[in-house]
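Trainee:
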Amino acid sequence: MASAWSEEETFVCSVCLDTLKDPATLPCGHSYCLACIQSHWDKEGSKGGYSCPQCRQAFSPRPSLAKSTLLVEAMEKLRANSLKRDSSTAASSGNMYPQLPTVEPRPCPQHNLPLDLFCHEDKECVCKVCCQHGHKGHRVLKPQEERQLVQMQADVQKRIQETEKKLNEIPHFASVQAAQQESVDLFSQLVNKVNLTGAQVGGLLGAHEMALGSQVEGRIQRLEQEVSNILGFFVLQNFLTIEPLCQTDATGESSLGREEAVVASIRSALKELQESVQDLCRSRLAKIATTCQSPLSTAMGLSNPEPKTRDELLKFRFEPTMDPNTAYRHLQLSDGGHKATMRAENLNPPDHPERFHFWRQVLCREPLAGSPYYWEVEWTGQKITVSVAYKDMERKGSDDLSRLGHNARSWSLYWSGTGFSFWHNGQEKLLGSPKARRLGVYLDQHAGILSFYRVANNQADLIHRHQNQFTGPLCPGFRFWAGVGATVTVCQLD
1 MASAWSEEET FVCSVCLDTL KDPATLPCGH SYCLACIQSH WDKEGSKGGY
51 SCPQCRQAFS PRPSLAKSTL LVEAMEKLRA NSLKRDSSTA ASSGNMYPQL
101 PTVEPRPCPQ HNLPLDLFCH EDKECVCKVC CQHGHKGHRV LKPQEERQLV
151 QMQADVQKRI QETEKKLNEI PHFASVQAAQ QESVDLFSQL VNKVNLTGAQ
201 VGGLLGAHEM ALGSQVEGRI QRLEQEVSNI LGFFVLQNFL TIEPLCQTDA
251 TGESSLGREE AVVASIRSAL KELQESVQDL CRSRLAKIAT TCQSPLSTAM
301 GLSNPEPKTR DELLKFRFEP TMDPNTAYRH LQLSDGGHKA TMRAENLNPP
351 DHPERFHFWR QVLCREPLAG SPYYWEVEWT GQKITVSVAY KDMERKGSDD
401 LSRLGHNARS WSLYWSGTGF SFWHNGQEKL LGSPKARRLG VYLDQHAGIL
451 SFYRVANNQA DLIHRHQNQF TGPLCPGFRF WAGVGATVTV CQLD
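Numbering-wise, the sequence shown is residues 1 to 494 according to the working numbering.
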């Protein structure tokens, strides 16, 4: 065994006293770990020269070094030969290669003493005499202690990075708490403002009531005076007084009519104010809810890495359910809303405001926002359109406003029978690509990514990727073409 490893001393770095890693050979013939000699020269460079740590041969300019493939091959062959001769030892230790035998430290070229110490400042091996002269006052350790120190520094650096990562998350939580307190303060101010507005409206109505009361009281006094005058006259004189009295009543009725119109106008204004505030609150609440439902990584600016393989896509698997309230009257849903079939007969479904009246289409129940989603569908027939759309897209009429892919509220992949194309807002982008009976759809609503895939043999090949700034949740959807018996099935992804 000693003869087999007699040349192994050649493969020991005299800087770190360990087996060469990525060996590099200097012009003088000595070899070192590439990282060790580069670090040594970086330190020497500040002193104005570059030399071999063993023979002290100087080089100018600094040699350009690279990994020595010949040395690597020689080391591999030596390890392989040793492994054949001592396979039992290697198997028992569980290592791929046998451990290198312990070798004696190389002698110091200046003092001929073992280089059994390591200078931490100069990053090189030294002897005991070197410690008293050129390296006096430096931090000198045994090589094993230096390796432990380097490993400890690496562990500490790793823990520092992990701690910094956690510290970076703290401002986010603090900002959430601040936003929560701001929302409490804001709504408190809004409540106070509403109460103040209510008090102002009440004051206006009170003032109007007082003015109206004064008018009514004056009218009552005048009427009482007229009644008193009437009672003091004879019947003939009463007839002469009745005419102006009737005129007074007509004036009173006209005045009361005007007051009723004023009250009705006030009630209408208050009702309009109530509806405006409610609509504003609903819209802003929906926007806040969509933002708060986003993943933490997205909220902190760390978006999900876009998947590249089907296995990565399946991490976001989702099985949408078709909504019967949106299905065209000739579409029959089955399998719990996971399959749609085109029928010749009118199924006469109940009328619903969300049902498509002209186009053979159906949307799914689930509005998708927040985390990425991936689903797959299989289809039969001559043509197919696979889409996503905002839930508020038009359903009535025969124009493009209710046609998937032909308006600003929907995006579609269309198979025409000869090739694929992508549709949005009435614009078509021809894609070509072979036919696929199984299609995959990837949606990252927050990142604004919509991708379509051809799925076969457990692989997903990209057909088209679209980047867009989506402003709200999206619903999967499908459009059928002429062809009784055509189907679309949402695949079960286990």
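Cβ coordinates follow ideal geometry from the N, Cα and C atoms, glycine included.
DSSP puts Thr19 in a beta bridge; with which residues?
Mentor: If you number the sequence shown from 1, residue 19 lands on position 19. Answer is Val12.
Trainee: Is Gly417 buried or exposed, if buried means 16 or more other CB atoms sit within 10 Å of its CB?
Mentor: For this step, residue 417 is matched to residue 417 along the sequence shown. Exposed, by the Cβ-count rule.
Trainee: Going by C-alpha distance, which of Lys383, Leu368, Trp379, Trp375 is nearest Tyr390?
Mentor: As a first step, residue 390 must be located in the sequence shown, where it is residue number 390. Here the closest residue by C-alpha is Leu368.
Trainee: Quick check on Ala24: buried or exposed, where buried means 16 or more other Cβ atoms within 10 Å of its Cβ?
Mentor: Reading the sequence shown from its first residue, position 24 is the one you call residue 24. Buried.
Trainee: Run through the DSSP bridge pairs and tell me what Met342 is partnered with.
Mentor: Within the sequence shown, residue 342 is the residue found at index 342, counting from 1. Paired residues: Leu331.
Trainee: Cα separation between Phe422 and Ser183?
Mentor: Counting from 1 along the sequence shown, the entry for residue 422 is found at position 422. Counting from 1 along the sequence shown, the entry for residue 183 is found at position 183. So the two alpha carbons sit approximately 42 Å from each other.
Trainee: For Glu495, which residues from the same chain have a beta carbon less than 6 Å from its beta carbon, with the 5 sequence-adjacent residues on both sides left out?
Mentor: Outside the shown range of the chain (1 to 494) lies residue 495, about which nothing can therefore be said.
Trainee: According to DSSP, which residues form a beta bridge with Gly432?
Mentor: Locating residue 432 in the sequence shown gives position 432, where the first residue counts as 1. Its beta-bridge partners are Phe420.
Trainee: What residue from Tyr442, Leu401, Arg438, Tyr453 has the CA that sits closest to Leu431's CA?
Mentor: One-based indexing of the sequence shown puts residue 431 at position 431. Among Tyr442, Leu401, Arg438, Tyr453, the Cα nearest to that of Leu431 is on Tyr453.
Trainee: Suppose you measure from the CA of Glu474 to the CA of Thr69; what does that come to, to the nearest Å?
Mentor: As a working note, residue 474 is residue 474 in the sequence shown. As a working note, residue 69 is residue 69 in the sequence shown. Looking at the sequence provided, one finds Leu at residue 474 rather than Glu. Going from the Cα of Leu474 to the Cα of Thr69 covers about 56 Å.
Trainee: To which residues of the same chain is Arg147 closer than 8 Å at the C-beta, ignoring the five residues directly before and after it?
Mentor: As a first step, residue 147 is located in the sequence shown; it is residue number 147 there, counting from the start. If we look at Arg147 and ignore the five residues flanking it on each side, its Cβ neighbours are Cys16, Asp18.
Trainee: Using C-beta distances below 7 Å, list every residue in its chain close to His224, excluding the 5 sequence neighbours before and after it, in chain order.
Mentor: The count along the sequence shown starts at 1 and reaches residue 224 at position 224. Per the sequence shown, the amino acid found at residue 224 is Glu instead of His. So the list is empty, once near-sequence residues are dropped.
Trainee: Is the distance from the Cβ of Asn425 to the Cβ of Gly448 below 8 Å?
Mentor: Looking up residue 425 in the sequence shown gives position 425. Looking up residue 448 in the sequence shown gives position 448. In this structure, Gly448 does not lie closer than 8 Å to Asn425 by Cβ.
Trainee: Classify Phe478 as helix, strand or coil using the three-state DSSP reduction.
Mentor: If you number the sequence shown from 1, residue 478 lands on position 478. In this structure, Phe478 counts as strand in the three-state DSSP scheme.
Trainee: Assuming Trp411 and Leu462 make a contact with CB atoms under 8 Å, what is their CB distance in whole Å?
Mentor: By one-based count along the sequence shown, residue 411 stands at place 411. By one-based count along the sequence shown, residue 462 stands at place 462. No, Trp411 and Leu462 are not in contact; Cβ-Cβ is about 16 Å, not under 8 Å.
Trainee: Taking the beta strand (DSSP E) that Arg465 falls in, what are its first and last residues?
Mentor: By one-based count along the sequence shown, residue 465 stands at place 465. Start and end: 459-467.
Trainee: Taking Cys125 as part of the beta strand (DSSP E), name the residues at either end of that continuous run.
Mentor: As a working mapping, residue 125 is identified with position 125 in the sequence shown. Counting along the chain, the beta strand (DSSP E) containing Cys125 begins and ends at 124-126.
Trainee: Compute the Euclidean distance between the alpha carbons of Asp122 and Leu113, then round it to the nearest angstrom.
Mentor: Position 122 of the sequence shown, counting from 1, holds the residue named residue 122. Position 113 of the sequence shown, counting from 1, holds the residue named residue 113. C-alpha separation (whole angstroms): 19 Å.
Trainee: Since I believe Ala340 is in contact with Ala327 (beta carbons under 8 Å), could you give me their beta-carbon distance rounded to a whole number of angstroms?
Mentor: Position 327 of the sequence shown, counting from 1, holds the residue named residue 327. Position 340 of the sequence shown, counting from 1, holds the residue named residue 340. Ala327 to Ala340, Cβ: 7 Å. Contact.
Trainee: For Cys20, collect the residues of the same chain with a Cβ closer than 6 Å to its Cβ; drop the 5 residues on either side in sequence, then sort them by chain order.
Mentor: In the sequence shown, residue 20 corresponds to position 20, counting from 1. A quick correction: the sequence has Leu, not Cys, at residue 20. Phe11, Cys13, Cys33.
Trainee: Taking a contact to mean a Cβ-Cβ separation below 8 Å, would you say Ser402 touches Phe356 in this structure?
Mentor: Taking the sequence shown and counting its residues from 1, the one referred to as residue 402 is at position 402. Taking the sequence shown and counting its residues from 1, the one referred to as residue 356 is at position 356. Against a cut-off of 8 Å, the Cβ pair of Phe356 and Ser402 comes out as a contact.
Trainee: Tell me Gly203's beta-bridge partners as DSSP assigns them.
Mentor: The sequence position of residue 203 within the sequence shown is 203, counting from 1. Answer is none; Gly203 lacks a bridge partner.
Trainee: Among the candidates Pro349, Gly337, Glu145, Lys128, whose CA atom is the shortest distance from the CA of Gly137?
Mentor: Position 137 of the sequence shown, counted from the start, is the residue given in the question as residue 137. Checking every option, the nearest Cα to that of Gly137 belongs to Lys128.
Trainee: What are the boundary residues of the beta strand (DSSP E) that includes Glu312?
Mentor: Numbered from its first residue, the sequence shown carries residue 312 at position 312. Note, Glu312: premise wrong, no beta strand (DSSP E); alpha helix (DSSP H) at 310-313.
Trainee: Write down the C-beta distance between Glu378 and Cys491 rounded to the nearest angstrom, noting that I regard them as a contact closer than 8 Å.
Mentor: On the sequence shown, residue 378 is found 378 positions in, with the first residue counted as 1. On the sequence shown, residue 491 is found 491 positions in, with the first residue counted as 1. Right, their Cβ atoms sit about 6 Å apart.
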